[in-house]
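Structure first, then comments.
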Ligand SMILES: CC(C)(COP(=O)(O)OP(=O)(O)OC[C@H]1O[C@@H](n2cnc3c(N)ncnc32)[C@H](O)[C@@H]1OP(=O)(O)O)[C@@H](O)C(=O)NCCC(=O)NCCS
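Residue numbers (the working numbering): 501 to 633.
Below, the structure is given as structure tokens:
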């Protein structure tokens, strides 16, 4: 994201920008969107500094976004990920995200994206919802 986009999201009521930091500085960030009236939150962006990768920072950022979405009472988190981004895909699938669609040519360079989703509802409520006609 550009500096301008960061500034915008810092002040926007529909965005939550969280940062992981250590004494050495910023390790990573993640950004969540939630629209009024919608039950779905969206992970818009997540990144970890190259030197800090592979140590669980991305996993914790994602976990924190899900906690934030739950505090808003939202029932689902969705996101898009490049089909060729094996690392990010592994992170999401490990945290329970499932592919439910694709967006062809979604990125500026024409690359395709998977659409991923994770329910935040407890298993029992999920079963009840599925059972409804
Ligand atoms: C994707 C990204 C956020 C992962 O952050 P990270 O802090 O390195 O991830 P974690 O250390 O928390 O990894 C958690 C799990 O994700 C998976 N994973 C993460 N990076 C991976 C990689 N490069 N290859 C394979 N699996 C990976 C693993 O299952 C890992 O668990 P494990 O280490 O116990 O096997 C980071 O690589 C990044 O910033 N990439 C560039 C930006 C980007 O692609 N963002 C996603 C846009 S959709």
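Note that the Cβ used here is the ideal one computed from N, Cα and C, for glycine as well.
Since the model is a prediction, treat every value here as computed from it, not as a measurement.
> Looking only at its own chain, which residues have a Cβ that is under 7 angstroms from the Cβ of residue 604, when we skip the five neighbours before and after it?
Replying inline: Looking up residue 604 in the chain shown gives position 104. Only 612 meet the Cβ criterion.
> With DSSP run on the structure shown, which of helix, strand or coil describes residue 580?
Replying inline: For the purposes of this step, residue 580 is taken as the residue at position 80 of the chain shown. Three-state result, residue 580: strand.
> What three-state label does DSSP hand residue 481 in the structure shown?
Replying inline: Past the edges of the chain, shown from 501 to 633, lies residue 481, and the structure says nothing about it.
> Beta carbon of residue 578, beta carbon of residue 617: below 7 angstroms?
Replying inline: Here residue 578 refers to the residue found at position 78 of the chain shown. Here residue 617 refers to the residue found at position 117 of the chain shown. Closer than 7 angstroms, so yes.
> Thinking C-alpha only, which one of 565, 550, 585 and 586 is nearest residue 576?
Replying inline: As a first step, residue 576 must be located in the chain shown, where it is residue number 76. Closest by alpha carbon: 565.
>> Could you tell me which whole beta strand (DSSP E) segments of length 3 or greater appear in the region 519-549?
In response: Every beta strand (DSSP E) stretch that sits fully inside the region 519-549 and reaches 3 residues is listed by chain position as 525-534 and 540-548.
>> Tell me which residues pass a beta-carbon proximity test against ligand 1: closer than 6 angstroms to any heavy atom, given in chain order.
In response: Those residues placing their Cβ nearer than 6 angstroms to any heavy atom of ligand 1 are, following chain order, 546, 547, 548, 553, 554, 555, 556, 557, 558, 559, 581, 585, 586, 587, 588, 590, 591 and 594.
>> Here's the rule: buried if 16 or more other CB atoms are within 10 angstroms of the residue's CB, otherwise exposed. What is residue 600?
In response: Within the chain shown, residue 600 is the residue found at index 100, counting from 1. That one is exposed.
> Distance, Cα to Cα, residue 607 vs residue 586?
Replying inline: Locating residue 607 in the chain shown gives position 107, where the first residue counts as 1. Locating residue 586 in the chain shown gives position 86, where the first residue counts as 1. Going from the Cα of residue 607 to the Cα of residue 586 covers about 16 angstroms.
> Can the beta-carbon of residue 561 be found less than 7 angstroms from the beta-carbon of residue 528?
Replying inline: Your numbering for residue 561 matches position 61 in the chain shown. Your numbering for residue 528 matches position 28 in the chain shown. It is a contact, given that the beta carbons lie within the stated cut-off.
> Is the Cβ-Cβ distance between residue 545 and residue 531 less than 7 angstroms?
Replying inline: Within the chain shown, the letter at position 45 stands for residue 545. Within the chain shown, the letter at position 31 stands for residue 531. In this structure, residue 531 lies closer than 7 angstroms to residue 545 by Cβ.
> Relative to the alpha-carbon of residue 557, which residue among 539, 509, 598 and 522 has its alpha-carbon at the smallest distance?
Replying inline: Locating residue 557 in the chain shown gives position 57, counting from the first residue. The residue from 539, 509, 598 and 522 with its alpha-carbon nearest to that of residue 557 is 522.
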